[in-house]
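Working notes for the structure below.
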Amino acid sequence: MTTARFSTTGGCIRAVEISGHAGYADEGSDIVCAAISSALDLTSCLLDDILGLSIHTEVKEEDGRILLALPSKMEDSEAEQAQNAMSALMVYLIDLGVRYPDFIEVMEV
-9 MTTARFSTTG GCIRAVEISG HAGYADEGSD IVCAAISSAL DLTSCLLDDI
41 LGLSIHTEVK EEDGRILLAL PSKMEDSEAE QAQNAMSALM VYLIDLGVRY
91 PDFIEVMEV
């Protein structure tokens, strides 16, 4: 099962950590893992390449963990756009969890 943990502070999403293999199918054929990876890549592209934020990204392939964290200091307009992007990711992953409840769990910590 894949677990997505959204870290929040004061009602704002600060980071998301995604870990584990969904287990829907063999690695390389797993549509749930592909959907999660694609959504995370798109969010990272939006935050980094489009908005120009200095996000912190950690990838640990050996334990199947990816961390994406927002910078601690942002302009108000940047913070609003970053929250929209992270909120969209959360909503998407929650919806994916409704469709595939045995393969993804989303939590806010």
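For the sequence shown, the positions run -9 to 99 when the numbering used here is used. From the three backbone atoms N, C-alpha and C, an ideal C-beta is built for every residue, glycine too. On a predicted model such as this, the values are computed, not experimentally measured, just so you know.
Assigned exposure category for residue i - 16 Cβ within 10 Å defines buried
{"i": "G87", "result": "buried"}
{"i": "V22", "result": "buried"}
{"i": "T(-1)", "result": "exposed"}
{"i": "I40", "result": "exposed"}
Candidates the options, of which the one nearest residue i by Cα
{"i": "E98", "options": "L43, I84, G54 and V49", "result": "I84"}
{"i": "V96", "options": "S62, A12, G1 and D66", "result": "A12"}
{"i": "H46", "options": "L57, D39 and D53", "result": "L57"}
{"i": "D92", "options": "Y14, S44, E7 and T(-2)", "result": "Y14"}
{"i": "L32", "options": "G18, S62, D20 and A72", "result": "A72"}
{"i": "R(-5)", "options": "E17, D16, A24 and L30", "result": "L30"}
{"i": "Y90", "options": "G54, R55, E48 and D20", "result": "D20"}
{"i": "I8", "options": "S(-3), E17 and D16", "result": "S(-3)"}
Residues bridged to residue i (per DSSP)
{"i": "A(-6)", "result": "I8 and V96"}
{"i": "K50", "result": "R55"}
{"i": "I3", "result": "T(-2)"}
Presumed contact (8 Å Cβ cut-off) between residue i and residue j, rounded CB distance
{"i": "I26", "j": "T(-8)", "result": "6 Å"}
{"i": "L43", "j": "M64", "result": "7 Å"}
**Message:** Counting beta carbon pairs with one atom in the segment -5 to 7 and one in the segment 72 to 82, are three or more of them shorter than 8 Å?
**Reply:** Segments in contact, yes.
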